[in-house]
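Here is the structure we will look at, set down as structure tokens.
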Amino acid sequence: MIHPPHHWPDSEIFEDLFVLELANNHQGSLERGLRIVTSFSRIVRFNNVKAAIKLQLRDVDAFIHKDFRARSDIRYIKRTLDTRLSKTEYATLASAIRRAGCIPMATPFDEVSVELCVELGIDLIKIASSDINDWLLIEKIAATNKPVIVSTGGSSLKDVDDLVKFFNRRQIPLAINHCVSLYPSADHELELNQIDFLRRRYPLNTIGFSTHEHGDWQTSIAIAYAKGARTFERHIDLADSEELSPYCSLPPQIDQWFKAHKRVVAMCGAPGTQKRLPPAREIAYLDTLVRGVYARRALAQGHALSDEDVYLAIPLQKGQLSCRELMRGELLLRAAAADEPIMIDMIDSPYAENEQLKALIYQRGL
């Protein structure tokens with residue numbers, strides 16, 4: 278169990294945060310990237326949620342070795358080269374994200390791109406699963422002192438422990454996303470019980486869920502939230518792409534995703550760290566099922582009540598003692614007829630002296 282020195286207010290940015298991964302789906306076109314931002318920010322606004330739109334940043338000329346730049350048979354290299362944007366174009370995207378009411382976020386894959394994050398005023402930085410033990414990059418990211426989210430796909434336990442200790446010692450807010458780095462992921466590959474493990478091991482860090490499954494936008498987020506995940510990530514794209522990946526979500530699917538989250542939040546109710554407060558409607562309903570105290574036979578004034586003198590039955594009437602307040606030995610202040618309800622004002626009891634309790638007893642029942 279990894280304990281940071283204390284919790285930080287900046288970490289509140291992770292709570293109920295949705296990260297929409299733009300990746301390279303702009304396809305090297307600023308215009309297409311802006312259309313993606315516009316389309317998804319509308320869904321964010323309509324659902325009134327907190328969302329970041331995340332870019333991927335690479336210093337392409339340094340990131341890919343010069344001897345391999347012509348290798349069109351290596352898909353990752355070709356895609357990186359084909360989708361590169363200029364610094365000015367990234368600045369335009371970051372500004373558009375901010376103007377649209379979303380949080381600008383980025384995954385930098387090299388040290389120069391971390392500097393670009395600072396230059397662009399990026400609010401949140403992501404460490405990709407592949408970089409969870411790239412310490413040159415991690416140290417550069419930590420130097421920005423910005424809140425960080427890390428995905429744990431394919432990592433070892435030591436990798437995660439070391440990273441959490443590193444950021445906690447520097448008091449830099451860190452959220453830890455459970456992630457399976459399979460694109461796309463099948464339902465049986467989601468491993469959602471890992472959220473339980475991460476919450477137990479890192480109790481003062483926000484735990485999230487980064488997902489790449491391709492057939493469901495409701496069930497997994499409901500399970501993840503119920504297990505305690507509080508930040509969520511999916512890849513996004515538009516339907517006009519010939520290269521649409523099966524793990525990407527379209528605007529209507531993200532709308533379903535947001536609405537599923539709202540439903541599960543309502544279903545889960547109060548935080549699991551404390552006892553919930555039942556609503557008045559629920560208490561009123563349960564009060565109708567509580568048994569009231571009735572005289573079994575005629576009882577004289579001054580009689581001390583025993584189990585044989587009363588019986589319990591519904592309905593409970595306003596002002597009547599219930600099974601919750603019945604105490605053996607109460608003295609009757611006035612006589613009671615057979616089958617008459619025993620009222621709070623008819624007994625000499627500590628309950629009868631508590632005006633607040635008496636008011637509650639007179640408000641409940643029929």
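Numbering (this note's numbering), first residue to last: 278 to 643. All residues carry an ideal CB built from backbone N, CA and C; glycine is no exception.
When the options are compared against residue i, the one with the closest alpha-carbon
i	options	result
LEU609	PHE295, HIS580 and THR508	HIS580
ALA613	SER626, TYR571 and ARG540	TYR571
GLY485	GLY492, THR496 and LEU469	LEU469
ALA405	PRO529, ASP387 and GLY596	ASP387
GLN471	TYR460, SER497 and PRO461	SER497
GLY642	SER583, LEU576, LEU589 and VAL567	VAL567
ASP493	GLN530, ALA547 and ILE453	GLN530
VAL314	LEU459, THR369, ASN445 and LYS552	THR369
VAL650	ALA328, ILE354, ARG476 and ASP350	The first residue shown for the chain is 278 and the last is 643, placing residue 650 beyond what the model contains.
GLU289	ILE330, ARG507, TRP412 and ALA377	ARG507
ASP532	LEU307, GLU308, GLY305 and ALA328	ALA328
ILE426	GLU510, ASP464 and ARG446	GLU510
TRP239	ASP400, VAL395 and ASP436	Here the chain comprises residues numbered 278 to 643, so residue 239 is not present and cannot be evaluated.
GLN495	SER526, ARG376, LEU459 and TYR562	SER526
ALA501	GLY305, ASP464, GLU519 and LYS635	ASP464
ALA615	ALA577, ILE591 and ALA636	ALA577
ARG478	ASP584, TYR562, LEU434 and GLU292	LEU434
ASP293	GLU308, LEU307 and VAL321	VAL321
LYS595	MET604, LYS635 and ARG558	LYS635
ARG605	ASP584, ALA561 and ILE330	ASP584
ILE330	ARG375, VAL457, LYS343 and ASP350	ARG375
HIS491	ILE341, GLU466 and PHE474	GLU466
ARG309	ALA516, PHE474 and VAL395	ALA516
SER458	SER487, ASP350, LEU598 and ARG319	SER487
ALA371	GLN551, LEU307, ARG319 and ASP473	LEU307
N- and C-terminal bounds of the beta strand (DSSP E) containing residue i
i	result
PRO385	380-385
GLY645	No answer is possible for residue 645: the residues shown for the chain start at 278 and end at 643.
ILE341	Where ILE341 is concerned, there is no enclosing beta strand (DSSP E), given that its DSSP letter is neither H nor E.
LYS327	327-334
PHE474	Element bounds for PHE474: not the beta strand (DSSP E) but the alpha helix (DSSP H), 471-478.
THR483	483-487
VAL298	In the sequence as displayed, the identity of residue 298 is Glu instead of Val. 294-300 is the extent of the beta strand (DSSP E) around GLU298.
TYR588	587-590
Proximity below 8 Å, CB of residue i to CB of residue j
i	j	result
VAL587	ILE638	no
ILE513	LEU297	yes
ILE409	THR429	yes
PRO450	PRO480	no
ILE418	ILE402	yes
LEU554	GLY569	no
ILE453	ASN422	no
LEU362	HIS455	no
PHE317	PRO528	yes
ALA377	ILE399	no
ALA339	VAL389	yes
ARG476	GLY431	no
THR365	GLY305	no
PHE295	VAL326	yes
Cβ neighbours of residue i in the same chain (closer than 8 Å, five flanking residues each side left out)
i	result
TYR367	LEU332, LEU334, LEU393 and LEU397
ARG356	ASN301
Same chain only: Cβ atoms within 6 Å of residue i, ignoring 5 sequence neighbours per side
i	result
LEU311	ALA373
SER626	GLU607
ASN324	PHE535
HIS652	In the structure as shown, the chain begins at 278 and stops at 643. Residue 652 is therefore absent and cannot be evaluated.
ASN582	With the sequence shown as reference, residue 582 is identified as Leu, and Asn is not the correct amino acid for it. Only GLU607 meet the Cβ criterion.
CYS600	ARG568 and LEU589
HIS489	TYR460, PRO461, SER462 and TYR524
ASN631	none
VAL644	The displayed coordinates of the chain run from 278 to 643. Any statement about residue 644 would go beyond what the structure contains.
ILE591	ARG568
Cut-off 7 Å between Cβ atoms - residues of its own chain near residue i, not counting five sequence neighbours on either side
i	result
ALA503	VAL541 and CYS545
ALA300	GLN333 and HIS512
LEU521	ASP514
MET623	LEU609, LEU610, ARG611 and ALA613
ASP564	LEU593, ARG641 and GLY642
HIS283	With a pLDDT of only 41 at HIS283, under the threshold of 50, the placement of this residue in the model should not be trusted; the figure read from the coordinates follows. Excluding sequence neighbours, HIS283 sits near nothing in its chain.
PHE444	ALA419, VAL425 and LEU451
PRO286	Per-residue confidence for PRO286 stands at a pLDDT of 48, beneath the threshold of 50, marking its modelled position as unreliable; the derived number appears in the next sentence. The answer is none, since no qualifying residue turns up.
ARG447	ALA419
VAL657	Residue 657 lies beyond the residue range present for the chain, which begins at 278 and ends at 643; the question has no answer from this structure.
Residue i Cβ short of 7 Å to the ligand FAD heavy atom set
i	result
TYR588	With respect to the ligand FAD, the structure shown offers nothing to examine, as it has no ligands at all.
Run of the alpha helix (DSSP H) containing residue i, from where it starts to where it stops
i	result
ALA452	ALA452 -> not in any alpha helix (DSSP H); beta strand (DSSP E) instead, spanning 451-456.
LEU358	352-359
THR508	Not the alpha helix (DSSP H): THR508 falls in the beta strand (DSSP E), residues 508-513.
ALA503	496-504
ALA636	632-640
C-beta neighbour in chain B for residue i, strict 8 Å
i	result
PHE345	Included in the structure is just one protein chain, with no chain B present.
Original post:
Hey, which unbroken runs of the alpha helix (DSSP H) at 4 residues or more fall wholly within the stretch 533-576?
Top reply: Complete alpha helix (DSSP H) runs here, min 4: 557-564.
**OP:** Starting from the N-terminal side, write out each stretch of the alpha helix (DSSP H) that is 4 residues or longer and does not extend beyond the stretch 365-448.
**Re:** 388-397, 412-420 and 434-446
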